[in-house]
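Beneath this line is the structure, given in structure tokens, with notes to follow.
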Amino acid sequence: MPKTDLLRGETTSSIVPRAFLGFTLVEVMVALAVVAVALPALLVTLSQQLDGLRYLEDRTHAQWVAANRLAELRLVVGAKGSLQTGRVSGTEEMAGRSWYWWSEGVETEIPGFFRYEIVVSDQEDGEASPVHTLDGYLAQEQSNGAR
């Protein structure tokens, strides 16, 4: 018996064509299987991206700590006019974290010219696995009596 749509005055058959029924159980299961395979791969990729971002952030902060230490050494040259050789270590707070640095000054073959290696790590005993290493060269002011 045909049904009548009272609002439109149309009659429809009680048999609805398959195109209007929706998805079959098999189609839904296949779609879920595709999502189940793709989602873990997406999560692994996202995790790798976040790890890379953290590494770059740590590396940038360590570079800033090393550059600050080299700037301090330059200020010492300007203020005292002399540099020390040997090993020095310290800590610096940056971005809410403690950074540990070690610097060693060595005089080169050129008199009054020093090479400083600055090693920065995020661990106190992390000199063996530094986050960043910076080499800088500084010249000690020479006093030759002329002004």
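When you line the sequence shown up against the numbering used here, it's residues 312 to 458, in that order.
From the three backbone atoms N, C-alpha and C, an ideal C-beta is built for every residue, glycine too.
A quick note: this is a predicted structure, and the numbers were derived from the prediction, not measured.
Along the alpha helix (DSSP H) that carries serine 358, what are the first and last residues, could you check? 336-391 is the span of the alpha helix (DSSP H), which, as asked, contains serine 358.
By the three-class DSSP mapping on this structure, what secondary structure does glycine 416 have? Reduced to three states, the DSSP call for glycine 416 is strand.
Can you tell which of Ser409, His372 and Leu336 has the C-alpha that lies nearest to the C-alpha of glutamine 434? It is Ser409.
Could you give the C-beta distance for tyrosine 427 and glycine 447, rounded to a whole number, given that I count them as a contact under 8 angstroms? That belief holds up - the Cβ atoms of tyrosine 427 and glycine 447 are roughly 5 angstroms apart, short of 8 angstroms.
Can you tell me where the beta strand (DSSP E) holding isoleucine 429 begins and where it ends? Secondary structure note for isoleucine 429: its beta strand (DSSP E) is the uninterrupted segment 424-432.
Are valine 430 and arginine 370 close, meaning C-beta to C-beta below 8 angstroms? No, Cβ-Cβ distance for valine 430 and arginine 370 is not below 8 angstroms.
Whose C-beta lies closer than 8 angstroms to the C-beta of glutamate 404 among residues of the same chain, with five residues either side of it excluded? Answer for glutamate 404: Trp410, listed in chain order.
Residues sharing a beta bridge with alanine 450, DSSP: According to DSSP, alanine 450 bridges with Phe424.
Could you check what DSSP says for glycine 407 in three-state terms: helix, strand or coil? Collapsing the DSSP output to three states places glycine 407 in coil.
Helix, strand or coil for glycine 437 per DSSP? Note: glycine 437 maps to helix in three-state DSSP.
Where does histidine 443 sit, in a helix, a strand or coil, going by DSSP? In the structure shown, histidine 443 sits in a strand (DSSP, three-state: E or B).
Option in Arg398, Leu384 and Asp362 with minimal Cα separation from tryptophan 413: Closest option to tryptophan 413, Cα to Cα, is Arg398.
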